[in-house]
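**Student:** The opening position of the sequence shown corresponds to residue 443 in the working numbering, with each subsequent residue numbered one higher. Glycine residues also receive a C-beta, built at the ideal position from the N, C-alpha and C atoms. Being a predicted model, the structure only gives us computed values, none of them experimental.
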Amino acid sequence: MNLNTLPAVAVLSDNVTIVEIDSVKVVRVIHDKANAAISLFGGHVISYQPQGQEDLIWMSQQAKFDGKTALRGGIPICWPWFGRIAAPAHGFARNSEWELVEHRESENGVIVELALFASEETHAIWPFMFEARLFVEIGEELNVSLKVQNIDDAEWKFSGALHTYLNLGDIEQAKTTGMGPEYIDSLAEGAIVQGGDVLKLTDTIDRVYTKPEANIQVNDAVFGRTINVANAGHNSAVLWNPWAAGAQAMGDMQDDGYKTFLCVESTLHAPSIESGKTLQPGESYELKTTISA
Ligand code: TA6
Numbered sequence: 443m444n445l446n447t448l449p450a451v452a453v454l455s456d457n458v459t460i461v462e463i464d465s466v467k468v469v470r471v472i473h474d475k476a477n478a479a480i481s482l483f484g485g486h487v488i489s490y491q492p493q494g495q496e497d498l499i500w501m502s503q504q505a506k507f508d509g510k511t512a513l514r515g516g517i518p519i520c521w522p523w524f525g526r527i528a529a530p531a532h533g534f535a536r537n538s539e540w541e542l543v544e545h546r547e548s549e550n551g552v553i554v555e556l557a558l559f560a561s562e563e564t565h566a567i568w569p570f571m572f573e574a575r576l577f578v579e580i581g582e583e584l585n586v587s588l589k590v591q592n593i594d595d596a597e598w599k600f601s602g603a604l605h606t607y608l609n610l611g612d613i614e615q616a617k618t619t620g621m622g623p624e625y626i627d628s629l630a631e632g633a634i635v636q637g638g639d640v641l642k643l644t645d646t647i648d649r650v651y652t653k654p655e656a657n658i659q660v661n662d663a664v665f666g667r668t669i670n671v672a673n674a675g676h677n678s679a680v681l682w683n684p685w686a687a688g689a690q691a692m693g694d695m696q697d698d699g700y701k702t703f704l705c706v707e708s709t710l711h712a713p714s715i716e717s718g719k720t721l722q723p724g725e726s727y728e729l730k731t732t733i734s735a
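#1: Which value, in whole angstroms, describes the spacing of the CA atoms of Phe534 and Met692?
#2: For the structure I just gave you, are there three or more beta carbon pairs, one from the stretch 568–583 and one from the stretch 503–513, closer than 8 angstroms?
#3: Determine, for Ala616, whether the minimum Cβ-Cβ distance to residues of chain B falls below 8 angstroms.
#4: Could you tell me the distance, in whole angstroms, from the CA atom of Leu558 to the CA atom of Val590?
#5: Hey, could you find the ends of the alpha helix (DSSP H) Thr646 is sitting in?
#6: Could you please give the first and the last residue of the uninterrupted beta strand (DSSP E) stretch that includes Ala672?
#7: What would DSSP say about Trp523, mapped onto helix, strand or coil?
#8: For a test of the three-state rule: what should DSSP assign to Lys653, helix, strand or coil?
#9: Can you pull the DSSP bridge partners for Met501?
#10: Given Glu541, which residues of its chain have a CB within under 8 angstroms of its CB, disregarding the five upstream and five downstream residues?
#11: Please state whether the Cβ-Cβ distance between Ser489 and Leu445 is less than 8 angstroms.
#12: Could you tell me which residues DSSP puts in a beta bridge with Val466?
#13: Please state if the CB of Asn670 and the CB of Asn683 are separated by a distance shorter than 8 angstroms.
#14: Is it the case that the CB of Glu631 approaches a heavy atom of ligand 1 more closely than 7 angstroms?
#15: Do you know how far the Cα of Ile634 is from the Cα of Ala452?
#16: From which residue to which residue does the alpha helix (DSSP H) around Trp685 run?
#17: Measure the CB-CB distance between Leu643 and Glu597 and report whether it falls below 8 angstroms.
#18: Taking just the CA atoms, how far does Leu629 sit from Asp648?
#19: Name the residue from Thr652, Gln636, Glu624 and Asp639 whose alpha carbon lies nearest to the alpha carbon of His711.
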């Protein structure tokens, strides 16, 4: 999908317009440094393309922009939990309609701020008051920061992830470094496994790396670039690719879709809701990822 040719339904500034993809409103940024797009449904970055480069973010050609289904690809916001420890999987933030708070020029490019507030719908799933804000800075790097605040009278616990789908030329020709020495293998009933320095992918993978380095690098031989991922506020980095059988089983991913992405996630992992991070009333927490090539 070429986002640049979609007609604007609202013009917010020289750089920022609102466009529509089916029933979803998208904030489109066109800037000298990079173009980007952020869906209000899910608070979901769906494109970040530095000028002269391939997109750094992968989106499924079969993603459903129906305003109900979580978008396949991009940077899903998994919150207030990560994984299938409660329903819906990966929390409700990626299935919720976020508000556009502001957009402004920064030294580095453009900042777009979205927010999600507690509502009747969120209360029915998770009975707490909260404010979640997503700051997306589009420049020579992509900075994504999810800031959550407890505005309830009671403490609450959470986990989460910025579940980035990196866009690759060919996953089998990619090399990943910086994941650290140890991971929990979600495909082997949570076995703790020692990993190597360089990871080459040849099959389905679903791992929680518990001691990642400050910089994770994915070298892409086909696009001739190295993607850098620097996370903050995380306790682990998840690597995921469903491979051929997994892609075929998904209704919103083309069968060969798995060949051109790798999820490298900034994750605050917890095996259960009860073991999540505690936020006291008034406290806030930030989970970040910075992506560049
Ligand atoms: O982050 C990895 C993971 O939790 C996998 O277990 C895998 O199922 C993936 O996320 C995608 O989840 P989704 O709910 O978007 O299909």
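**Tutor:** This is what the structure gives:
#1: 20 angstroms
#2: no
#3: Absent from the structure: chain B. Only one protein chain is present.
#4: 9 angstroms
#5: That residue, Thr646, is in no alpha helix (DSSP H); it is neither H nor E in DSSP.
#6: Arg667 to Ala674
#7: coil
#8: coil
#9: Gly515
#10: Leu482, Leu556, Ala557, Leu558 and Phe559
#11: yes
#12: Ile463
#13: no
#14: no
#15: 50 angstroms
#16: Trp685 to Ala691
#17: no
#18: 6 angstroms
#19: Thr652
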